Amino acid sequence: GENVEQHPSTLSVQEGDSAVIKCTYSDSASNYFPWYKQELGKRPQLIIDIRSNVGEKKDQRIAVTLNKTAKHFSLHITETQPEDSAVYFCAAGSNDYKLSFGAGTTVTVRA
Amino acid sequence: KAGVTQTPRYLIKTRGQQVTLSCSPISGHRSVSWYQQTPGQGLQFLFEYFSETQRNKGNFPGRFSGRQFSNSRSEMNVSTLELGDSALYLCASSSVTFSGRLETQYFGPGTRLLVL
Numbered sequence: 004g005e006n007v008e009q010h011p012s013t014l015s016v017q018e019g020d021s022a023v024i025k026c027t028y029s030d031s032a033s034n035y036f037p038w039y040k041q042e043l044g045k046r047p048q049l050i051i052d053i054r055s056n057v058g059e060k061k062d063q064r065i066a067v068t069l070n071k072t073a074k075h076f077s078l079h080i081t082e083t084q085p086e087d088s089a090v091y092f093c094a095a096g097s098n099d100y101k102l103s104f105g106a107g108t109t110v111t112v113r114a
Numbered sequence: 016k017a018g019v020t021q022t023p024r025y026l027i028k029t030r031g032q033q034v035t036l037s038c039s040p041i042s043g044h045r046s047v048s049w050y051q052q053t054p055g056q057g058l059q060f061l062f063e064y065f066s067e068t069q070r071n072k073g074n075f076p077g078r079f080s081g082r083q084f085s086n087s088r089s090e091m092n093v094s095t096l097e098l099g100d101s102a103l104y105l106c107a108s109s110s111v112t113f114s115g116r117l118e119t120q121y122f123g124p125g126t127r128l129l130v131l
C-alpha cells in the first residue's frame with residue numbers, strides 16, 4: 004500500500020520567514036496530493052491540493068510543488084504569520100478511494 | 016451547506032465494551048471515509064463507503080467495522096475495546112465524480128474516544 008513520509012516533524016520559523024514541508028510517497032499510481040491544516044482542537048481543513056498532471060500550484064502565500072519522478076511533493080508558506088501556527092498534514096491518494104496521510108508537521112511561527 | 020457532523024463528540028468506555036460512532040456527511044456527498052487519529056501517528060485510514068458499499072479498508076483488525084445507510088449517513092463500530100483504541104475518530108465526506116477520481120474530503124469535528 005501507499006506509504007507517505009513527512010519531514011520535518013516540527014518546524015519553528017520567525018514571523019515573516021518562509022516555511023517548507025516535504026513529503027515523499029511510494030505508490031506511483033498516486034495522482035492526488037492534498038495538504039490539510041489542523042489547528043489545536045479543530046478538524047483538519049484543506050488548504051491546497053495538486054493533481055499529478057500539474058507540477059506546481061499557488062494560492063496567495065501557499066504553494067505546492069510536485070515531482071512525480073522523485074515521488075515527492077512540498078508545501079511552501081511565504082511571509083508566515085502567527086495564524087499559520089498549526090499541524091500540517093500531507094496526503095496521497097489514487098483511484099482506490101483511499102487517502103494516506105503523513106505523520107504531520109507542527110509549525111510554530113514566532114512573533 | 017451544513018458541514019460534516021459527528022456524534023457523540025466525546026465518549027468514555029471501558030475495555031471489552033463496544034462503541035458505535037455516527038457521521039452525517041455534507042448534503043449531496045455520497046462518499047464517507049473514516050480515520051483514526053492518535054498523537055504522532057497522523058491520520059490512519061479505516062474505511063471508505065459509497066452507496067452503502069465499502070470500497071476500501073485500511074489495516075485495522077476486524078473489531079473495526081462500519082456501514083453506510085441509504086441517506087449516506089455512516090456509522091462505525093468498534094467491538095471488544097482495547098486501551099490502544101483511545102483516539103480521535105474523524106469522518107470525512109466528499110462528492111464523487113463519474114471518473115472516480117478523489118475529490119476534496121471535508122472533515123467532521125471528530126469523536127474523542129477514551130478507553131479505560
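Going down the list, the sequences are from chains A and B. Under the numbering used here, the first residue of the first sequence is numbered 4, with each subsequent residue one higher. Under the numbering used here, the first residue of the second sequence is numbered 16, with each subsequent residue one higher. Backbone N, C-alpha and C fix where the C-beta goes; we use that ideal spot for every residue, glycine too. Quick caveat, the model's predicted, so the values are computed rather than measured.
key: Exposure of Gly58/A, with buried meaning 16 or more beta-carbon neighbours within 10 Å   = As a first step, residue 58/A must be located in the first sequence, where it is residue number 55. Gly58/A comes out exposed.
inquiry  = Residues in the same chain with beta-carbon distance under 7 Å from Gln63/A, minus the five sequence neighbours each way, listed in chain order, please.
reply    = Position 60 of the first sequence, counted from the start, is the residue given in the question as residue 63/A. If we look at Gln63/A and ignore the five residues flanking it on each side, it has no Cβ neighbours.
ask   = Since Asp30/A meets chain B, which of its residues come closer than 7 Å, beta carbon to beta carbon?
value = Reading the first sequence from its first residue, position 27 is the one you call residue 30/A. None at all; the shortest Cβ gap to chain B is about 13 Å.
ask   = Between Ala106/A and chain B, is there a C-beta pair that is closer than 8 Å?
value = To locate residue 106/A, count along the first sequence from 1; it is residue 103. At least one chain B Cβ lies under 8 Å of Ala106/A.
task = Grab me the residues of Gly105/A's own chain with a C-beta within less than 8 Å of its C-beta, minus the 5 sequence neighbours each way, in chain order.
result = Taking the first sequence and counting its residues from 1, one reaches residue 105/A at position 102. Only Val7, Glu8, Gln9, Cys26, Phe92, Cys93 and Ala94 meet the Cβ criterion.
request  = Taking Trp38/A as the reference, give the member of Ala66/A, Pro11/A, Ser31/A and Thr13/A with the closest Cα.
outcome  = For this step, residue 38/A is matched to residue 35 along the first sequence. Ranking the options by Cα distance to Trp38/A, first place goes to Ala66/A.
query = In whole angstroms, what separates the C-alpha of Val34/B from that of Ala89/A?
reply = Looking up residue 34/B in the second sequence gives position 19. Looking up residue 89/A in the first sequence gives position 86. So the alpha carbons of these two residues sit roughly 30 Å apart.
request  = Look at the alpha carbon of Val112/A and the alpha carbon of Val16/A, and state the distance between them as a whole number of angstroms.
outcome  = The residue you call residue 112/A lines up with position 109 of the first sequence. The residue you call residue 16/A lines up with position 13 of the first sequence. Their Cα atoms are separated by approximately 5 Å.
request  = Pick out the complete alpha helix (DSSP H) segments inside the segment 54-105 of chain A, 4 residues or longer, and give them in chain order.
outcome  = none
task = Could you tell me whether the Cβ of Lys101/A comes closer than 8 Å to any Cβ of chain B?
result = For the purposes of this step, residue 101/A is identified with residue 98 of the first sequence, where counting begins at 1. Closer than 8 Å: yes.
key: Pro3/B at chain A interface by Cβ criterion, 8 Å   = Lying before the first or after the last residue shown, residue 3/B is absent from chain B, which here runs from 16 to 131.
Ile80/A versus Thr119/B - alpha carbon distance = Translated into the one-based positions of the first sequence, residue 80/A becomes position 77. Translated into the one-based positions of the second sequence, residue 119/B becomes position 104. C-alpha separation (whole angstroms): 21 Å.
message = To the nearest angstrom, how far is the alpha carbon of Gly115/B from that of Ala114/A?
response = The sequence position of residue 115/B within the second sequence is 100, counting from 1. The sequence position of residue 114/A within the first sequence is 111, counting from 1. Distance between the alpha carbons of Gly115/B and Ala114/A: 44 Å.
query = On the three-state DSSP scale, how would you describe Gly99/B?
reply = Numbered from its first residue, the second sequence carries residue 99/B at position 84. Looking at Gly99/B - three-state DSSP - the assignment turns out to be helix.
request  = With DSSP as the reference, please indicate the residues paired to Arg113/A in a beta bridge.
outcome  = Within the first sequence, the letter at position 110 stands for residue 113/A. Paired residues: Gln17/A.
ask   = Just to confirm, are Phe122/B and Pro47/A a CB contact at a threshold of 8 Å?
value = Taking the second sequence and counting its residues from 1, the one referred to as residue 122/B is at position 107. Taking the first sequence and counting its residues from 1, the one referred to as residue 47/A is at position 44. The answer is yes: Cβ separation under 8 Å.
task = Output yes if chain B places a C-beta closer than 8 Å to the C-beta of Asn98/A; else output no.
result = Within the first sequence, numbered from 1, the residue matching residue 98/A stands at position 95. Yes, Asn98/A lies at the interface with chain B (some Cβ there is under 8 Å from its Cβ).
message = Run through the DSSP bridge pairs and tell me what Glu90/B is partnered with.
response = As a first step, residue 90/B must be located in the second sequence, where it is residue number 75. Per DSSP, the beta bridge partners of Glu90/B are Ser37/B and Arg82/B.
ask   = Helix, strand or coil: which one does DSSP assign to Glu5/A?
value = Position 2 of the first sequence holds residue 5/A. In this structure, Glu5/A counts as coil in the three-state DSSP scheme.
ask   = So what does Gly57/B bridge to, in DSSP terms?
value = The sequence position of residue 57/B within the second sequence is 42, counting from 1. Answer is Thr53/B, bridged to Gly57/B.
request  = Would you mind stating whether Thr29/B and Ala102/B have Cβ atoms separated by less than 8 Å?
outcome  = Sequence index remark: in the second sequence, residue 29/B carries index 14 (1-based). Sequence index remark: in the second sequence, residue 102/B carries index 87 (1-based). Not closer than 8 Å, so no.
task = Tell me whether Ile53/A is buried or exposed, calling it buried when 16 or more other Cβ atoms sit within 10 Å of its Cβ.
result = Taking the first residue of the first sequence as position 1, residue 53/A is located at position 50. Classification for Ile53/A: buried.
message = So Tyr35/A and Leu117/B are supposed to be a Cβ contact under 8 Å. How far apart are they, rounded?
response = Taking the first sequence and counting its residues from 1, the one referred to as residue 35/A is at position 32. Taking the second sequence and counting its residues from 1, the one referred to as residue 117/B is at position 102. Contact holds; Cβ gap of about 4 Å.
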